[in-house]
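Trainee:
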Amino acid sequence: MVFTEEKINQLNVLLKDAKQVVITAHKSPDGDSIGSSLALYHYLKEVYTGELHICHPDAAPKFLHWMQGADEILSFENNIDEVKAHLSAADLIFCLDFNSFGRVGNEMQPFLLSAPGKKVMIDHHLNPEEEGFEIVFSDTSACSTAQLVYELIEANANQTKITKACGEAIYTGIMTDTGSFRFSSTTSKTHRIVADLLDLGIENNKIHENTFDNNSVNRLQLHGYAISNNLEILPEYKTAIIYLTKEDLERFHYEKGDTEGLVNTVLSIEGIRKSIFLKESDGIIKISFRSIGEDNPVNTLASTYFHGGGHKNAAGGRYTKDLKGAIEKLKSVLPEFC
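Quick note, our numbering runs 9 ahead of the 1-based positions in the sequence shown.
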């Protein structure tokens, strides 16, 4: 059991004694890191009377700006002095949706590590590195960190403190990290939580529309270009590789979040069980891996050859040389994982 009475009591003591609380999450935020952060933020506003801040390594992607409280998020890349000040003054720091301090990025990591406040991990990724954390709430079977935030609130018997804004954030985190409830990580427990959120009055149709139905023309054209020009099917490995160069991104006026979902779109091709998306970014090649089936993991591929890791069917990695080299390396090692 993750949320034991002992750990909950320990957390409540820390929270009671804290004059300032900071919520942070991993670099390159997604729907779960933003959703879980905002869910905890809205919940704490109901039960905590001290100073409260959300401090992330970088800004939220545009498709999540609709969420209530998103404008309260301070990013290290844009508000460096404020974030450093809040980290150094915080008595308690919630670390959401990451299991290693390195996941906040090289720029912010030293300041998070040196922050004197007690640190609490809430996360669902494999192989958590627990050193440096006062309390660890880790459940690798959970579909999302947003689900764990709900379970934390539930363990405190505080579901009545879930406002509409909090419920929307939990739902968004669960929805995005489960591929709109189609991934195998979606369980009956996940659906029971969603049912509770619906009973609280959240409008799931509006959340889907706000998240997925506000595409820019540039984003749609970028996806179309990638599929038409930069997609390679490897039928012998039941794998699809798709990529975008720096020039491609510039051509379509790329904004953060514009490539979200592209790797899943490719995975929907008939006969494909593994999809890999590569993007030139900040002098490195960022790689997203997706797969179908319990017998078809991609996290070992990511960790073995591409300095990454993640879940069995959804992982990330990077390659420090050029895009052509990354694709060549992928093709050379794929036979080991098919």
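Every residue gets a Cβ at the ideal spot worked out from N, C-alpha and C, and that includes glycine.
Would you mind sorting M10 into buried or exposed? The rule is 16 or more other CB atoms within 10 Å of its CB.
Mentor: M10 should be labelled exposed.
Trainee: So I32 is in the beta strand (DSSP E); what residue range does that whole segment cover?
Mentor: Here the beta strand (DSSP E) through I32 covers 29-34.
Trainee: So, is A166 buried or exposed, given that buried needs 16 or more other C-beta atoms within 10 angstroms?
Mentor: With fewer than 16 Cβ atoms within 10 Å of its Cβ, A166 is classed as exposed.
Trainee: Considering only the alpha carbon of each residue, which of K265, P306, I211 lies closest to P38?
Mentor: Cα-wise, what sits closest to P38 is K265.
Trainee: Using only alpha-carbon positions, find the residue among T169, D331, H316, T309 that is nearest to V56.
Mentor: It is T169 whose Cα lies nearest to the Cα of V56.
Trainee: Taking the alpha-carbon of E269 as reference, which of A48, H65, A69 has the nearest alpha-carbon?
Mentor: Among A48, H65, A69, the Cα nearest to that of E269 belongs to A69.
Trainee: What's the C-alpha gap between G318 and N115?
Mentor: Straight-line Cα distance between these residues: approximately 17 Å.
Trainee: May I ask you to report which of helix, strand or coil DSSP gives Y57?
Mentor: Coil at Y57, not helix or strand.
Trainee: Please report how far the alpha carbon of D304 lies from the alpha carbon of E345, in whole angstroms.
Mentor: Those two C-alpha atoms are separated by around 13 Å.
Trainee: Mind checking D186: buried by the 16 CB within 10 Å criterion, or exposed?
Mentor: Answer is buried; the Cβ neighbour count reaches 16.
Trainee: Relative to the C-alpha of L121, which residue among H134, C104, D132 is closest?
Mentor: Residue C104 is the option with its Cα nearest to L121.
Trainee: Taking only the alpha-carbon atoms, compute the straight-line gap between N398 and D267 and give it to the nearest angstrom.
Mentor: The chain is shown only over 10 to 347; residue 398 falls outside these bounds and no answer can be derived.
Trainee: Hey, K247 and K283 are a contact pair by Cβ (cut 8 Å); roughly how many whole angstroms apart?
Mentor: Right, the Cβ-Cβ distance comes to about 6 Å (below 8 Å), so this counts as a contact.
Trainee: Taking the CB atoms as reference points, tell me whether I1 and Y328 lie closer together than 8 Å.
Mentor: The displayed coordinates of the chain run from 10 to 347. Any statement about residue 1 would go beyond what the structure contains.
Trainee: Would you please state the rounded distance, in angstroms, between the beta carbons of V31 and I131? I believe it to be under 8 Å.
Mentor: No, V31 and I131 are not in contact; Cβ-Cβ is about 13 Å, not under 8 Å.
Trainee: Nearest CA to the CA of N18: which residue from H217, L161, A174?
Mentor: With distances taken between Cα atoms, N18 lies closest to L161.
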